[in-house]
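Just below is one structure, and these are the notes that go with it.
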Amino acid sequence: MSLKEELKQAIVADLNLEDMTPEEIEDDEPLFGEGLGLDSLDAVELVVLLQKHFGVEVKDMEEGREAFVSIDALAAFIEQRRG
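Counting from 1, one number per residue, gives the positions in the sequence shown under the UniProt record's numbering.
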């Protein structure tokens, strides 16, 4: 399973997106607002998800803002952190 597929599965499961499947999430789709429709509470849960599932931490708001743009951005953030 690819990193992006793992991310999608974790997001659907951990954020309780009951009416959505991982396959429905596009890699470049915005996670917040008009895209997937996540909100600020989901952002907090994403921080926890990244640490729990992938062992990476979001150190500050700016870093989170950049990483939480899309699945593509999240995957790049994780890969960069894993080095």
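C-beta: ideal position from N, C-alpha, C; glycine also.
- Taking a contact as a CB-CB distance under 8 Å, the pair leucine 31 and leucine 41 does not count as one, their CB atoms being some 13 Å apart.
- If only complete runs of 4 or more residues are kept, the stretch 24-78 shows the alpha helix (DSSP H) at 40-54, 61-67, in order along the chain.
- Under the criterion of beta carbons closer than 8 Å, isoleucine 78 and leucine 3 qualify as touching, at roughly 6 Å.
- In this structure, leucine 49 places its C-beta atom within 8 Å of the C-beta atom of isoleucine 11.
- According to the DSSP assignment, glutamate 5 belongs to the alpha helix (DSSP H) that extends over 3-14.
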